[in-house]
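Participant: Residue numbers (the working numbering): 37 to 163.
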């Protein structure tokens with residue numbers, strides 16, 4: 037019988053994966069188990085969204101302002117994962133900065149996507 041992986045081993049493996057590989061993994065898990073990864077995030081984010089409604093706008097736009105010191109490839113992959121666009125369309129967005137990555141999204145979702153972009157070294161802004 038195969039040895040069961042520990043949580044630490046799984047986390048170490050996930051740390052080594054690219055954003056694109058993680059996105060594909062999430063889709064595969066969703067298909068295999070008939071679940072969606074968005075449900076728990078929405079349930080947890082609901083109180084934060086209610087607080088954001090009281091303090092600010094309900095819909096914002098995520099803008100990619102620049103690459104900073106980042107290489108284009110990781111930024112393109114992140115844009116592709118966030119938007120669901122094909123590789124060429126994501127590259128066109130990154131090549132024509134500043135570019136609106138996502139419009140009319142919740143501030144909570146925008147913060148999460150902004151973190152993804154800044155983790156690649158890109159400069160992002162929420163308007």
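Even glycine gets a Cβ: it sits at the ideal position worked out from N, Cα and C.
Return the chain-ordered list of same chain residues with a C-beta closer than 6 Å to the C-beta of residue 146, the five sequence neighbours on each side being excluded.
Facilitator: For the purposes of this step, residue 146 is taken as residue 110 along the chain shown, with counting starting at 1. Excluding sequence neighbours, residue 146 sits near 96, 98 and 162.
Participant: Please confirm if the region 63–73 is in contact with the region 131–145, defined as three or more CB-CB distances below 8 Å between the two stretches.
Facilitator: At 8 Å Cβ cutoff, the stretches do not touch.
Participant: What residues in its chain sit with their C-beta under 8 Å from that of residue 111, if we drop five residues either side in the sequence?
Facilitator: Counting from one through the chain shown, the residue named residue 111 turns up at place 75. Answer for residue 111: 100, 103, 130, 153, 156, 157 and 158, listed in chain order.
Participant: Just reading off the beta strand (DSSP E) that residue 136 is part of, what are its end residues?
Facilitator: Numbered from its first residue, the chain shown carries residue 136 at position 100. Start and end: 135–141.
Participant: Output the boundary residues of the alpha helix (DSSP H) element that contains residue 163.
Facilitator: Numbered from 1 along the chain shown, position 127 holds the residue referred to as residue 163. Unbroken run through residue 163: none, as it is neither H nor E.
Participant: In the structure shown, what three-state DSSP assignment does residue 72 receive?
Facilitator: In the chain shown, counting from the first residue as 1, residue 72 sits at position 36. In this structure, residue 72 counts as coil in the three-state DSSP scheme.
Participant: Note down, in chain order, each residue of its chain lying with its Cβ closer than 8 Å to the Cβ of residue 57, except the 5 sequence neighbours on either side.
Facilitator: Taking the chain shown and counting its residues from 1, the one referred to as residue 57 is at position 21. In the same chain as residue 57, and ignoring 5 residues on each side of it, no C-beta atom comes closer than 8 Å to its own.
Participant: Could you check what DSSP says for residue 101 in three-state terms: helix, strand or coil?
Facilitator: Numbered from its first residue, the chain shown carries residue 101 at position 65. Strand, per DSSP.
Participant: What residues match up with residue 96 in a beta bridge as DSSP calls it?
Facilitator: Mapped onto the chain shown, residue 96 falls at position 60. 141, per the DSSP bridge assignment.
Participant: Between the Cα of residue 120 and those of 107, 149 and 93, spot the shortest distance and give me the residue it belongs to.
Facilitator: Translated into positions along the chain shown, residue 120 becomes position 84. Minimum Cα distance to residue 120 is reached at 149.
Participant: Spatial neighbours of residue 127 within its chain, please: CB distance less than 6 Å, with the 5 preceding and 5 following residues excluded, ordered by chain position.
Facilitator: Counting from one through the chain shown, the residue named residue 127 turns up at place 91. The beta carbon of residue 127 is closer than 6 Å to those of 112 in its chain, skipping five residues each way along the sequence.
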